[in-house]
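Numbering-wise (UniProt numbering), the sequence shown opens with residue 1 and increments by one.
Glycine is no exception: its CB is placed at the ideal position from the N, C-alpha and C atoms.
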Amino acid sequence: MADPVKTLLSSDRLANRHFRQLTYLERVADSRTLSVFFHGLGLDATDYQEYLELHDTHAVAVNLAGYAPRATGHLPPVPVNRHVEMVAELVERIGRQNPDKRILLVGFSLGADLVLQLAEHWTGALAHRQPDLAGALLLDPNVNRSTMTISRLFAAADHRDPLPALKKLVDLAPDLDGFRTLCSYASRIASKDFGQVHQLADDMMSYWDAAGYDQFGARVSAVAKMAGKVNIVLSADYEEHLPEMRAAARRHGCTTDQVHFNITELDHFGLIGQTVLSRELESLGRG
């Protein structure tokens, strides 16, 4: 199997860039849209590498601080509020450098929650810094702590010894396919600085209420006001939550033109595959 880091470094389409404590992959193209991708807990920008390679559109895939593949050196755990500040500054800079392009924000899992937090960040006194956004794609955002099985597991783990938590993670597999997926995910977590993973997991547990959907509705409404159009794509496990998610969004003023829900038959990690990303970003780009 090819080393993804070497593949990225040898690519003539992608450039590795740095901003503050963040790193990111950028593909520059003459397109009217510019998509900014945020990864899930313990993952990194390489989850979007195939999309960046195959689509001739301007795109940026962000590595959160300490999450870059094969990162060297030790960085003290970075709390989520600092990540939000740095990511906001990066998106603002991208907007200034590309004033004629329509910016789309894309977040998977933890990355989707990060988009929710960006909407909260760009309110009040910081509203003047908000870039011109054309849409947001949220892939399996959390709705409350009931959807945070993995974050709960990692938040409760010993940040110095992730092995027991990784074993429990693999035990969550419902079948053989799920086992393969979780083994691959556990391997990627094991290659990261677990202190960073533990910090973000713990911070995100504090970000969400234990139950209920009003908090989710309010946060999605803030994204809709900021970005205009929000596509929310869910894995099959979210079916039980979908009616309440829709109702909460309506209660907070979101119309079906603003916020569109799509439940799929995919598992959680299947949402960052080519089919979903291509379809949903094409839809947002047309909007």
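Cβ contact annotation for D202 (same chain, cutoff 6 Å, sequence separation greater than five): A155, in chain order.
Closest by C-alpha distance to N262, out of L118, N231, V223 and F216, is N231. Contact between the stretch 168-187 and the stretch 197-214 is absent: fewer than three C-beta pairs spanning the two stretches fall below 8 Å.
In this structure, the beta-carbon distance from D56 to A88 does not fall below 8 Å. In the three-state reduction of the DSSP assignment, A29 falls in the coil class. Note that the C-beta distance between R129 and E92 is below 8 Å. For V78, there is no enclosing beta strand (DSSP E), as DSSP gives it neither H nor E. Linking G135 to F37 through their CA atoms gives a straight-line distance of about 12 Å.
Distance check between A165 and each of F179, Y48, V223 and H198 places H198 closest, using alpha-carbon atoms only. Sequence-distant partners of P162 (beyond 5 residues in either direction) whose C-beta falls short of 6 Å from its own C-beta, in its chain, are F194. With a threshold of 16 other beta carbon atoms within 10 Å, L54 falls short and is exposed. Taking a contact as a CB-CB distance under 8 Å, the pair L41 and I103 does not count as one, their CB atoms being some 24 Å apart.
Each residue's CA atom was taken as its position, placing L75 and Y51 some 29 Å apart.
Residue pairing for I263: DSSP places it in a beta bridge opposite L234. Pairwise C-beta distances place the stretch 136-149 in contact with the stretch 104-111, as three or more of them are shorter than 8 Å.
Membership of V62 in the beta strand (DSSP E) is indicated by the continuous run H58 to N63. Apart from sequence neighbours up to five positions away, the residues of its chain that approach R251 with a beta-carbon distance below 8 Å are D214 and G217, ordered along the chain.
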